[in-house]
Amino acid sequence: MNRSILAILALFSASTAFAAPPVKGDAKKGEVIANQVCAACHGPDGNGTNPPNPDYPKLAGIQPEYLFKQLKDFAVGKRKNDIMSAMVANLSMDDLANLALYFSAQKNTPGVSSNPELLESGKKFYADGNPDQGVPACAGCHLPNGAGTSAYPHVAGQHASYVFQQLKRFASGERDNDRGLVMQSLSMRMTEQEMKAVSEYVTSLK
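If you use my numbering, the sequence shown corresponds to residues 8 to 213, in order.
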């Protein structure tokens, strides 16, 4: 059995094993907190700043299960970021759930690639992966349109600079809070050029 097939089987196993339960809360309460705590960096509707800052991702339209997990991970130190740790330090688990529901309900705005010459190779990698290195298609988990699932997040329209930064952090082991270490294990097999190309393609998805 070749490496690509093994990787796909591992991803399928991880996606079923780590399916998150639905988030319960109040998006209206989340909106109040978002305007007070989050808007300066992530924008009032979660679509980030212009020009994009690689440290401040778009949050609009991302699945609440994923957002809630990331916020909890920041709160307990499983995902490390000094700014985010400070921002969530005084928020309750209910607050985090409410924020996740609010941002997930917002409409994600399309991104614009700053390196259109990379779009074709990024599209190919997103659709096919790199079988020789055992990296399956990104579309297998994040879906062909980048909409994602409850286990794997919506990536369409995300800032290319943020996606590239996170791939680098997964690859180096600096970030290791992904479910089953799926992203860490795959990004370690990607070249920097592949990371750049797929990041540009992801931001162009609508």
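Just so you know, even glycine gets a beta-carbon here, dropped at the ideal spot from N, CA and C.
Per-residue burial, residue i [other beta carbons within 10 Å of its own, 16 or more giving buried]
i: residue 210; result: buried
i: residue 111; result: buried
i: residue 65; result: buried
i: residue 99; result: exposed
i: residue 30; result: buried
i: residue 113; result: buried
i: residue 204; result: buried
i: residue 167; result: buried
Contact under 7 angstroms by Cβ, residue i with residue j
i: residue 61; j: residue 169; result: yes
i: residue 107; j: residue 74; result: yes
i: residue 153; j: residue 212; result: yes
i: residue 159; j: residue 145; result: no
i: residue 53; j: residue 34; result: no
i: residue 190; j: residue 178; result: no
i: residue 102; j: residue 40; result: yes
Nearest to residue i (by Cα), restricted to the options the options
i: residue 92; options: 101, 82, 98 and 99; result: 82
i: residue 118; options: 88, 131, 144 and 163; result: 163
i: residue 173; options: 95, 116 and 202; result: 202
Host alpha helix (DSSP H) of residue i (start-end)
i: residue 176; result: 167 to 179
i: residue 207; result: 199 to 211
i: residue 77; result: 71 to 83
i: residue 94; result: 89 to 95
i: residue 105; result: 100 to 111
i: residue 34; result: 34 to 40
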